[in-house]
Every structure is written in C-alpha cells, then in structure tokens.
Amino acid sequence: MNQKLFHRGQSKPLRLLPGILIAAIQAFLLFLPTIFPETMMVSVLSGIGLSVFVIVWWGFFSRAAIVERWSAVLLIVVAMLVVSFFLDESIATGNMGLMFLIYGAPAVSILFVLWAVLTCRLSNKLRRITMVVTIVVASGMWGLVRSEGISGIGVSEFTWRWAQTSEEKFLKEAGEKTGTNPASAEFAETGNNWTGFRGPKRDGIVYRTTFSTDWKTTPPTEVWRKPVGPGCSGFAVWGNYLYTQEQLGEYEMVSCYNLFTGEPVWQHQDSARFWDSHAGAGPRGTPALYDGKLLALGGTGILNVLDAKTGELFWSKNIARETTTATPIWAFSGSPLVLDSTIYISLAGTLAAYDLYSGKQAWVNSVGGDCYSSPHYCKLNDVPQILFLNENGITGFQPADGKILWEHNWKGNPILQPALLPNGDILINTGATSGIRRLSLINEGNQWKVTERWTSTDLKPNHNDMLVHNGFIYGIDMFGLICIDAETGARRWKGGRYGGQMLLMADQDVLLIVSEKGDLVLVEANPERFNELARLKAIKGKTWNHPVLAGDLVVVRNAEEMAAFRLPEVNKTRNMH
Numbered sequence: 001m002n003q004k005l006f007h008r009g010q011s012k013p014l015r016l017l018p019g020i021l022i023a024a025i026q027a028f029l030l031f032l033p034t035i036f037p038e039t040m041m042v043s044v045l046s047g048i049g050l051s052v053f054v055i056v057w058w059g060f061f062s063r064a065a066i067v068e069r070w071s072a073v074l075l076i077v078v079a080m081l082v083v084s085f086f087l088d089e090s091i092a093t094g095n096m097g098l099m100f101l102i103y104g105a106p107a108v109s110i111l112f113v114l115w116a117v118l119t120c121r122l123s124n125k126l127r128r129i130t131m132v133v134t135i136v137v138a139s140g141m142w143g144l145v146r147s148e149g150i151s152g153i154g155v156s157e158f159t160w161r162w163a164q165t166s167e168e169k170f171l172k173e174a175g176e177k178t179g180t181n182p183a184s185a186e187f188a189e190t191g192n193n194w195t196g197f198r199g200p201k202r203d204g205i206v207y208r209t210t211f212s213t214d215w216k217t218t219p220p221t222e223v224w225r226k227p228v229g230p231g232c233s234g235f236a237v238w239g240n241y242l243y244t245q246e247q248l249g250e251y252e253m254v255s256c257y258n259l260f261t262g263e264p265v266w267q268h269q270d271s272a273r274f275w276d277s278h279a280g281a282g283p284r285g286t287p288a289l290y291d292g293k294l295l296a297l298g299g300t301g302i303l304n305v306l307d308a309k310t311g312e313l314f315w316s317k318n319i320a321r322e323t324t325t326a327t328p329i330w331a332f333s334g335s336p337l338v339l340d341s342t343i344y345i346s347l348a349g350t351l352a353a354y355d356l357y358s359g360k361q362a363w364v365n366s367v368g369g370d371c372y373s374s375p376h377y378c379k380l381n382d383v384p385q386i387l388f389l390n391e392n393g394i395t396g397f398q399p400a401d402g403k404i405l406w407e408h409n410w411k412g413n414p415i416l417q418p419a420l421l422p423n424g425d426i427l428i429n430t431g432a433t434s435g436i437r438r439l440s441l442i443n444e445g446n447q448w449k450v451t452e453r454w455t456s457t458d459l460k461p462n463h464n465d466m467l468v469h470n471g472f473i474y475g476i477d478m479f480g481l482i483c484i485d486a487e488t489g490a491r492r493w494k495g496g497r498y499g500g501q502m503l504l505m506a507d508q509d510v511l512l513i514v515s516e517k518g519d520l521v522l523v524e525a526n527p528e529r530f531n532e533l534a535r536l537k538a539i540k541g542k543t544w545n546h547p548v549l550a551g552d553l554v555v556v557r558n559a560e561e562m563a564a565f566r567l568p569e570v571n572k573t574r575n576m577h
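Using the UniProt record's numbering, the first residue of the sequence shown is number 1, and each one after it goes up by one.
#1: Quick test of your reading: Gly-149 and His-278, contact by CB under 8 Å. State the CB separation rounded to the nearest angstrom.
#2: With DSSP run on the structure shown, which of helix, strand or coil describes Ser-84?
#3: Distance, Cα to Cα, Val-82 vs His-546?
#4: Quick one: Cα of Phe-158 to Cα of Pro-375, how far?
#5: How many angstroms separate the CA atom of Ile-135 from the CA atom of Ser-46?
#6: Please list the terminal residues of the continuous alpha helix (DSSP H) segment that includes Met-40.
#7: Can you tell me where the alpha helix (DSSP H) holding residue 666 begins and where it ends?
#8: Less than 8 Å separating the beta-carbons of Pro-414 and Leu-441?
#9: Taking DSSP as the reference, what is the three-state secondary structure of Pro-227?
#10: Ignore the nearest five residues each way along the sequence and tell me which others in Asp-485's own chain have a CB closer than 7 Å to its CB.
#11: What three-state label does DSSP hand Thr-210 in the structure shown?
#12: Within 10 angstroms of the Cβ of Ala-419, are there 16 or more other Cβ atoms? Answer buried if so, exposed if not.
#13: Over what stretch of residues does the alpha helix (DSSP H) that includes Ile-129 continue unbroken?
#14: Below 8 Å between beta carbons: does that hold for Pro-230 and Ala-308?
#15: Since I believe Val-117 is in contact with Ile-20 (beta carbons under 8 Å), could you give me their beta-carbon distance rounded to a whole number of angstroms?
#16: So within the segment 252 to 321, which uninterrupted alpha helix (DSSP H) runs reach at least 4 residues, ignoring any that extend past its ends?
#17: Assuming Ala-326 and Ala-348 are in contact, meaning their beta carbons sit under 8 Å apart, how far apart are those beta carbons, in whole angstroms?
#18: Are the CB atoms of Phe-85 and Ile-91 nearer to each other than 8 Å?
#19: Thinking Thr-299 and Phe-274 are a contact (beta carbons under 8 Å), I'd like their distance in whole angstroms, please.
#20: Thinking C-alpha only, which one of Pro-399, Asn-381, Trp-315, Leu-503 is nearest Val-450?
#21: Pairs of beta-carbons, one from the segment 228 to 247 and one from the segment 186 to 202, closer than 8 Å: are there three or more?
#22: As an exercise, report each continuous beta strand (DSSP E) stretch of at least 3 residues that is fully enclosed by the segment 406 to 487, in chain order.
#23: Just reading off the beta strand (DSSP E) that Ser-166 is part of, what are its end residues?
#24: Is it true that the CB of Thr-342 sits closer than 8 Å to the CB of Pro-287?
#25: Does Ala-163 come out as helix, strand or coil in the three-state DSSP assignment?
#26: Pick out whichever of Leu-111, Asn-193, Tyr-354, Asp-552 has its Cα sitting closest to the Cα of Met-131.
#27: Just to check my reading of the structure: Arg-284 and Ala-320 have Cβ atoms closer than 8 Å, yes? What is that Cβ distance to the nearest angstrom?
#28: Return the bridge partner residues of residue 649 from the DSSP annotation.
#29: Just to check my reading of the structure: Asp-306 and Glu-312 have Cβ atoms closer than 8 Å, yes? What is that Cβ distance to the nearest angstrom?
#30: Which same chain residues end up closer than 6 Å to Met-562 when comparing Cβ atoms and leaving out the 5 residues on each side of it in sequence?
#31: Identify the continuous beta strand (DSSP E) that holds Ile-102 and give its terminal residues.
#32: Does DSSP classify Val-555 as helix, strand or coil?
#33: Assuming Leu-467 contacts Met-505 under a Cβ cut-off of 8 Å, what Cβ separation, rounded to an integer in Å, is found between them?
#34: Quick check on DSSP: helix, strand or coil for Glu-569?
#35: When DSSP labels each residue in this structure, what does Arg-69 get in the three-state scheme?
#36: Tell me the residue span of the beta strand (DSSP E) that contains Ser-147.
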C-alpha cells in the first residue's frame with residue numbers, strides 16, 4: 001500500500017489492505033448466487049460474518065485514531081438499530097426480518113471501507129463528517145426501499161418504497177371494481193377439461209396431446225394477454241371457462257374467465273386478504289372442479305363451493321376458524337380434493353373432510369406442524385387413501401373416517417406434492433436441502449410397513465413439483481433442471497436454469513416448463529442428455545404459478561399478468577388421463 005495513506009496529524013499510515021480484501025470478498029459473495037444459486041447460504045452467512053471482521057479490523061487493526069475507530073463502530077450499531085424501526089413491513093416482518101441484516105450489514109461495511117479508502121488524505125474534520133454521512137446514508141437507505149419478494153433461490157428483489165406496486169397499478173386500471181358477473185359468456189363444452197391442481201391425478205402429466213417443438217419455424221401464437229390480481233393460484237378449466245384465484249385490494253376473488261378471449265365471466269368475492277413479503281398478496285390454492293361445482297380455498301381459510309357456470313354460491317365457511325387452525329406463515333396453500341361427494345382440505349398440519357353438497361364437516365384430523373402441500377389421492381396395495389405431506393413427514397389417511405393408516409417421519413418444510421411410481425412406491429420431499437426419498441409400502445393384515453428405498457440429495461426441489469416418466473424423475477433444483485434414476489436415486493444430468501413449474505407431454509417425451517422469469521421452455525424428457533428444444537418469452541415478472549394446457553392452448557400467469565398461447569400443429573384427441 002502507499003505509505004502516504006494516513007490521517008493528517010498521525011505518524012503511521014492507515015492499514016487499509018485487510019479492509020479492502022474483506023469488502024471485496026463481501027461484494028463478490030453478494031452477487032455469487034446469481035451465477036451459482038447453490039452458494040446462496042454461503043453468501044448469506046459469509047456476508048454477515050465478514051461484516052463482523054470489518055468491525056474488528058477497524059476497531060483493532062486499522063491504525064485510525066481511537067476516537068474515529070470506536071465512534072464509527074458505535075454509530076454503525078446505533079444507526080442500524082434506529083433504522084430497523086422505520087423499515088417497510090416487507091423487510092421488517094415475519095421471516096423476512098433477517099433481510100435487513102443479510103443485506104444491510106454487508107452494504108454498510110462495504111461502503112464504510114470505501115469511505116476509508118477515499119478519504120484517507122482528507123483532514124480529520126472532513127473525514128469525520130463524511131464518516132457520519134456515509135454510515136447514516138448506508139444504514140438509512142434501507143428505510144427507503146421495500147422488498148418485492150424473493151426468487152426461488154432466496155435472492156431478494158428491492159424497489160423504492162414509494163414506487164407503485166403491480167397490485168396498485170392493476171387496481172387503478174380496473175377502477176377497483178369488484179363483484180359478480182362482470183361480463184356474460186355462454187358456457188360451451190369443449191372437452192378441454194383440467195379439473196384442478198396439476199391435472200386430474202395431480203401429477204402434471206398430459207396424455208394424447210402432441211405439438212411441434214420447432215418453435216423457430218412455427219412458434220406459439222399469443223391469443224390473449226390480460227392483467228391479473230396477485231396470487232399464486234394456478235388454473236382449472238371446464239369447457240370454455242378458465243378458473244383461478246386472485247386478490248383485488250381487500251377482497252379475495254374466485255374468478256372465471258373465458259378461456260379463448262381472457263374476458264371475465266364472473267367473480268365471487270370475500271372480504272379477506274393475506275400478504276407475506278416473500279410471495280406477496282393473494283390466495284395460494286388452485287380451484288377444483290367436480291359435478292358442475294367449483295371449489296376454492298382462500299389464503300385465510302375460507303372455503304367456497306360455487307356453481308361453475310354462474311358463480312352462484314352454494315355454501316361458504318371459514319374452515320380455519322371452524323377447525324381452530326392458525327394461519328401458517330405462508331398462508332393456507334392447499335388445493336381442494338374431491339372424491340365422490342366429499343371435499344378434502346389441507347390446513348397447515350390438519351386434514352379436514354366436508355360434504356360437498358351440505359358443507360357439513362365429516363371428520364378432521366391433525367398431525368401437527370405446517371403444510372403447504374395438497375391432499376393427494378391414490379391406491380396403495382389396493383387400499384384407497386389420501387396422502388398428506390406435512391411438516392412431520394407423510395401420512396396415509398383413510399378417506400371415509402380420517403383414520404391414520406400409516407406414517408413416515410421425515411421433518412422438513414413440505415410444499416410439493418408426493419409423486420407416485422408405477423409400482424406404487426412414493427417419492428417425497430420436505431424441504432430445499434434434504435433431497436427426495438423413495439418409500440415402499442406393504443400392507444399385511446392391515447399392518448402397514450414403510451421401507452425407505454433410498455434418499456438422494458442429487459435432486460433437492462423446494463417449491464417445484466417433480467415429474468415421473470419412463471423410470472426417471474425430473475425436477476427443478478435451485479433453478480437447474482435435473483434428471484435422476486428412479487431405481488437408484490442417482491443423477492443422470494443437470495442443465496439449464498429455470499425455476500418455475502412444468503408439465504410433461506408424455507406422448508412425445510417433452511417437458512413444458514414455465515420458468516420463474518416467465519419463459520415458456522421445451523426440454524426433451526430424455527435420461528441420456530439435457531436438450532433444450534425451444535424457448536419463448538411469455539409473461540413478465542416472477543412466475544411461480546402452475547400452467548395449464550387445454551387442447552392447443554397453454555395458459556400461464558403470475559402475480560401481475562396472464563396470457564394464453566396456441567401451440568403449433570397440435571394433434572389432440574383428449575388431454576385427460
């Protein structure tokens with residue numbers, strides 16, 4: 001270092017090199033996850049830890065005047081503490097409260113080191129004035145921003161606190177009009193039925209539909225594009241009607257749109273609102289269709305049963321209140337499941353059953369903890385049951401009375417659906433770091449034996465559901481698409497960066513992905529290699545919602561807009577199982 005870098009009036013120069021190295025490493029680590037998503041946790045922990053090293057360097061090894069050393073340390077602590085009381089709620093509330101520490105501490109320390117380098121030749125008075133300004137500005141700027149949520153790998157997105165949100169823009173454009181029957185459209189049966197979350201079997205698999213994958217020659221055609229209220233809901237489709245949930249100001253909306261035009265048909269509103277700073281406002285669950293009825297669970301626990309054609313309300317109740325279930329941190333996110341005339345609802349760690357026609361509670365059973373997964377029907381060893389992935393693991397329930405048939409404990413944070421293998425084995429996931437597990441079940445004299453076949457960390461999906469095809473498992477892990485062998489759990493390949501959600505076009509071995517950035521992507525479902533076939537920019541904004549394929553139309557949405565695209569050269573007979 002230049003030996004002339006010292007304060008006026010001091011005999012020894014500042015020791016700047018350690019601080020510069022620490023700040024450079026911090027800056028590098030802050031941006032590293034955008035290139036290598038798997039380093040997110042290292043970036044977070046190292047960023048906070050290195051901020052402590054900056055304090056230690058300045059306080060004990062910088063050679064700065066004592067008054068500057070310890071007044072700076074004290075001012076940083078006081079400034080950060082004071083600003084914490086004035087943060088926007090998107091940064092200060094819930095599990096996002098750590099955001100200020102995760103990003104604020106490295107930002108303050110990096111700017112402080114930059115100040116030390118740039119002002120080393122100034123007078124003591126000017127140095128100290130600029131030191132105070134630097135610390136106050138570096139800390140105080142966090143009171144001027146808000147969080148726009150996080151990406152799938154946990155990277156935060158910020159904007160100015162006073163900037164208009166996408167929801168505010170939408171409400172302004174819509175004139176904050178809420179209510180029923182905003183437009184009229186005749187129902188027409190088309191055979192394009194998609195009965196609810198991830199399709200009829202909740203597996204995300206589409207059969208008897210093929211289309212051209214050469215999008216350079218014949219790209220998909222945009223049919224319509226509309227703004228939509230926030231929410232993580234996917235779609236259900238019946239005939240020419242398209243159903244979803246969204247938030248309009250202080251109202252949760254169950255909305256019906258025309259599949260072919262995007263124009264509204266009817267809406268049902270409830271005075272309710274859920275918001276969290278990681279995913280924003282709005283309902284999370286996807287509506288379900290059964291016997292001409294539409295069932296929708298809102299983020300606050302309100303269950304509505306509506307006429308799917310008219311939106312007329314058959315019955316509604318707050319089942320969270322009825323079952324005394326507290327709203328989990330990310331809202332009630334499960335989508336209703338209907339078997340015969342019974343509705344099954346997941347509420348955090350509680351599974352509840354209601355009569356479809358009367359709304360009377362049939363049974364309720366709680367296994368504790370939180371849950372963001374949906375009830376999943378299957379037959380195992382010829383025994384009908386409802387799989388319930390929860391915080392404590394996975395449980396098999398008897399549909400008639402809610403009796404627990406079997407349990408397997410594996411603690412985590414369940415968001416995904418369990419996936420079924422052709423032989424009846426089950427794939428489960430419980431969080432972003434624990435990987436996936438294959439379970440085999442045997443029923444001997446009504447005594448269930450659960451065996452762990454393998455546990456693999458080669459695929460660690462978090463909120464991106466898995467697909468099973470021809471003996472292989474496809475899933476999204478920290479933006480990368482991964483294929484693993486269903487027999488061994490070993491990885492076959494990893495490629496691309498997507499996030500988002502996907503469907504499997506089983507008849508042509510193609511994955512249809514809607515990326516977190518709103519791209520429509522085709523990838524070959526081939527265990528031998530990763531091969532991206534086509535890509536199209538579909539919608540703008542962070543996209544976590546599940547897409548739907550209805551005939552030759554693929555419909556996608558996020559918290560800001562929705563759009564429909566006609567796929568090229570579709571040869572469709574049915575897209576039902």
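All residues carry an ideal CB built from backbone N, CA and C; glycine is no exception.
Reading it off the structure:
#1: The residue given as residue 149 occupies position 149 in the sequence shown. The residue given as residue 278 occupies position 278 in the sequence shown. Correct: roughly 5 Å between the Cβ atoms.
#2: Taking the first residue of the sequence shown as 1, we reach residue 84 at position 84. Here Ser-84 sits in coil by DSSP.
#3: Here residue 82 corresponds to residue number 82 of the sequence shown, with the count starting at 1. Here residue 546 corresponds to residue number 546 of the sequence shown, with the count starting at 1. Using only the alpha carbons, I get a separation of about 41 Å.
#4: The residue labelled residue 158 in the question sits at position 158 within the sequence shown. The residue labelled residue 375 in the question sits at position 375 within the sequence shown. Straight through space, the alpha carbons of Pro-375 and Phe-158 are spaced by roughly 35 Å.
#5: Here residue 135 is taken as the residue at index 135 of the sequence shown, counted from 1. Here residue 46 is taken as the residue at index 46 of the sequence shown, counted from 1. C-alpha separation (whole angstroms): 21 Å.
#6: As a working mapping, residue 40 is identified with position 40 in the sequence shown. From DSSP, the alpha helix (DSSP H) with Met-40 extends over 40 to 56.
#7: A question about residue 666 goes unanswered here, because the residues of the chain that appear run from 1 up to 577.
#8: The residue labelled residue 414 in the question sits at position 414 within the sequence shown. The residue labelled residue 441 in the question sits at position 441 within the sequence shown. At the C-beta level, Pro-414 and Leu-441 stay beyond 8 Å of one another.
#9: As a working note, residue 227 is residue 227 in the sequence shown. Reduced to three states, the DSSP call for Pro-227 is strand.
#10: Here residue 485 is taken as the residue at index 485 of the sequence shown, counted from 1. Cβ neighbours of Asp-485 beyond the five flanking positions: Phe-472, Arg-492.
#11: Mapped onto the sequence shown, residue 210 falls at position 210. Strand, per DSSP.
#12: Looking up residue 419 in the sequence shown gives position 419. The residue in question, Ala-419, is buried, as its Cβ has 16 or more Cβ neighbours within 10 Å.
#13: Taking the first residue of the sequence shown as position 1, residue 129 is located at position 129. Ile-129 -> alpha helix (DSSP H) spans 124 to 140.
#14: Counting from 1 along the sequence shown, the entry for residue 230 is found at position 230. Counting from 1 along the sequence shown, the entry for residue 308 is found at position 308. The answer is no: Cβ separation not under 8 Å.
#15: Residue numbering aside, residue 20 sits at position 20 when the sequence shown is read from its first letter. Residue numbering aside, residue 117 sits at position 117 when the sequence shown is read from its first letter. Confirmed, about 7 Å.
#16: none
#17: As a working note, residue 326 is residue 326 in the sequence shown. As a working note, residue 348 is residue 348 in the sequence shown. Approximately 7 Å separates the beta-carbon atoms of Ala-326 and Ala-348; this is inside 8 Å, confirming the contact.
#18: Within the sequence shown, numbered from 1, the residue matching residue 85 stands at position 85. Within the sequence shown, numbered from 1, the residue matching residue 91 stands at position 91. Result no, Cβ atoms of Phe-85 and Ile-91 do not sit closer than 8 Å.
#19: To locate residue 299, count along the sequence shown from 1; it is residue 299. To locate residue 274, count along the sequence shown from 1; it is residue 274. Reading off the sequence shown, one finds Gly at residue 299, where the question assumed Thr. That pair is a contact at about 3 Å.
#20: Position 450 of the sequence shown, counted from the start, is the residue given in the question as residue 450. Nearest of Pro-399, Asn-381, Trp-315, Leu-503 to Val-450, Cα basis: Asn-381.
#21: They touch, by the three-pair rule.
#22: 426 to 429, 436 to 444, 447 to 456, 467 to 469, 472 to 477, 480 to 485
#23: On the sequence shown, position 166 is the one that residue 166 refers to. Not the beta strand (DSSP E): Ser-166 falls in the alpha helix (DSSP H), residues 166 to 174.
#24: Numbered from its first residue, the sequence shown carries residue 287 at position 287. Numbered from its first residue, the sequence shown carries residue 342 at position 342. No.
#25: The residue given as residue 163 occupies position 163 in the sequence shown. Ala-163: coil per DSSP, three-state reduction.
#26: On the sequence shown, residue 131 is found 131 positions in, with the first residue counted as 1. Out of Leu-111, Asn-193, Tyr-354, Asp-552, Leu-111 has the C-alpha closest to the C-alpha of Met-131.
#27: Counting from 1 along the sequence shown, the entry for residue 284 is found at position 284. Counting from 1 along the sequence shown, the entry for residue 320 is found at position 320. Their Cβ separation, rounded to whole angstroms, is 13 Å, which puts Arg-284 and Ala-320 out of contact at 8 Å.
#28: The chain is shown only over 1 to 577; residue 649 falls outside these bounds and no answer can be derived.
#29: Taking the first residue of the sequence shown as position 1, residue 306 is located at position 306. Taking the first residue of the sequence shown as position 1, residue 312 is located at position 312. The sequence as given places Leu at residue 306; Asp does not occur at that position. About 7 Å; that satisfies the 8 Å criterion.
#30: As a position in the sequence shown, residue 562 is number 562, starting the count at 1. Excluding positions up to five away in sequence, the list reads Lys-226, Val-228.
#31: One-based indexing of the sequence shown puts residue 102 at position 102. Ile-102 -> no beta strand (DSSP E), and no H or E assigned at all.
#32: As a first step, residue 555 is located in the sequence shown; it is residue number 555 there, counting from the start. Strand.
#33: Here residue 467 refers to the residue found at position 467 when the sequence shown is read from its first residue. Here residue 505 refers to the residue found at position 505 when the sequence shown is read from its first residue. That pair is no contact at about 10 Å.
#34: Position 569 of the sequence shown holds residue 569. Reduced to three states, the DSSP call for Glu-569 is coil.
#35: Counting from 1 along the sequence shown, the entry for residue 69 is found at position 69. Correct three-state label for Arg-69: helix.
#36: The residue labelled residue 147 in the question sits at position 147 within the sequence shown. Run containing Ser-147: 145 to 150, per the beta strand (DSSP E) assignment.
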